[in-house]
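Peer 1: First residue of the sequence shown: 250, per the working numbering; consecutive thereafter.
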Amino acid sequence: MGERLDVTGAWQRISMRYAVVDSIGTVLWWAILGAGATVPIWLANDGRMPWWGWLPAAAAAALIVIGVVFAFLRTRTIGYLEREDDLLVRRGMLFRRFVAVPYGRMQIVDITQGPIERMFGLKTLKFVTAAASSAITIPGMPGSSAEELRDHLVAVSESRRAGL
């Protein structure tokens, strides 16, 4: 029988400001799609909008509300746990995903920061392991926390690869 996954520890959560960053992307995406579907209807009817012409905009507004709510719920599920031999990353609302990244298999620990993340002082940590297809990300980390974790993981992974 398989060994049970030990997930009892001090889980670190990402910043809830990441939900705002995620929400901004959702609002922009659905607003552009809603306007892109509504404006041609308005133009095709010589500036008179039929009642059904507002349906794409109404659908986009509803999807914005749903997307913002899910952004806050989704952000609460993202976290990581530093264990003795690996880093455990979790995410997912309906389908929970736990990924254990062994320290000795980490090859690259990368920090990225998009323009909206930069406005909120957040960064995304990305780990690349020996299996090139397995890139794990932890979004929404405060800048100093991301840099401290990166430095710690690099030091631990180098010592594990060296066999110390």
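Cβ coordinates follow ideal geometry from the N, Cα and C atoms, glycine included.
Does Ala307 come out as helix, strand or coil in the three-state DSSP assignment?
Peer 2: Within the sequence shown, residue 307 is the residue found at index 58, counting from 1. Note: Ala307 maps to helix in three-state DSSP.
Peer 1: Measure the alpha-carbon distance for Glu252 versus Ile387 and round it to whole angstroms.
Peer 2: Here the question's residue 252 lines up with position 3 in the sequence shown. Here the question's residue 387 lines up with position 138 in the sequence shown. Unreliable positioning characterises Glu252 in this predicted model, as indicated by a pLDDT of 49, which lies under 50. A coordinate reading is not provided.
Peer 1: Counting only runs that start and end within the region 275-320, where is the beta strand (DSSP E) found for 3 or more residues in a row?
Peer 2: With a minimum length of 3 residues, no continuous beta strand (DSSP E) run stays inside the region 275-320.
Peer 1: Between the alpha carbons of Ala293 and Ala380, how many angstroms are there, rounded?
Peer 2: Position 44 of the sequence shown holds residue 293. Position 131 of the sequence shown holds residue 380. Between Ala293 and Ala380, the alpha-carbon positions lie close to 53 angstroms from each other.
Peer 1: Is Ala384 helix, strand or coil when you go by DSSP?
Peer 2: Counted from its first residue, the sequence shown places residue 384 at position 135. It is a strand residue.
Peer 1: So for Phe376, helix, strand or coil by DSSP?
Peer 2: What you label residue 376 is simply residue 127 of the sequence shown in a count that begins at 1. When secondary structure is reduced to three states using DSSP, Phe376 falls in the strand class.
Peer 1: Report the rounded CA-to-CA distance for Met250 versus Met390, giving the unit in angstroms.
Peer 2: Start at 1 with the first residue of the sequence shown, and residue 250 comes out as number 1. Start at 1 with the first residue of the sequence shown, and residue 390 comes out as number 141. Reliability of the predicted coordinates at Met250 is poor, the pLDDT of 45 falling under 50, and no value is obtained from them.
Peer 1: Rounded to whole angstroms, how far is the Cβ of Leu371 from the Cβ of Arg266, which I believe are closer than 8 angstroms?
Peer 2: Mapped onto the sequence shown, residue 371 falls at position 122. Mapped onto the sequence shown, residue 266 falls at position 17. That pair is a contact at about 6 angstroms.
Peer 1: Between Val405 and Tyr352, which are expected to be in contact by the criterion C-beta below 8 angstroms, what is the C-beta distance as a whole number of angstroms?
Peer 2: As a position in the sequence shown, residue 405 is number 156, starting the count at 1. As a position in the sequence shown, residue 352 is number 103, starting the count at 1. With 8 angstroms as the limit, Val405 and Tyr352 qualify as a contact, their Cβ atoms being about 5 angstroms apart.
Peer 1: DSSP puts Gly328 in a beta bridge; with which residues?
Peer 2: The count along the sequence shown starts at 1 and reaches residue 328 at position 79. The beta-bridge partner set that DSSP reports for Gly328 consists of Arg262, Arg339.
Peer 1: Out of Val338, Ala284, Arg399, which has the shortest C-alpha to C-alpha gap to Trp303?
Peer 2: Position 54 of the sequence shown holds residue 303. The shortest C-alpha separation from Trp303 is found at Ala284.
Peer 1: Does DSSP put Arg354 in a helix, in a strand, or in coil?
Peer 2: By 1-based counting over the sequence shown, the position of residue 354 is 105. In the structure shown, the three-state DSSP call for Arg354 is helix.
Peer 1: Just to confirm the assignment, what range does the alpha helix (DSSP H) spanning Phe369 have?
Peer 2: By one-based count along the sequence shown, residue 369 stands at place 120. Run containing Phe369: 364-369, per the alpha helix (DSSP H) assignment.
Peer 1: By how many angstroms is the C-alpha of Ala310 removed from the C-alpha of Gly414?
Peer 2: Since the first residue shown for the chain is 250 and the last is 413, residue 414 is missing from the structure and cannot be characterised.
Peer 1: Rounded to a whole number of angstroms, what is the C-alpha to C-alpha distance between Ala268 and Ile385?
Peer 2: The residue given as residue 268 occupies position 19 in the sequence shown. The residue given as residue 385 occupies position 136 in the sequence shown. Rounded to the nearest angstrom, the two C-alpha atoms are 19 angstroms apart.
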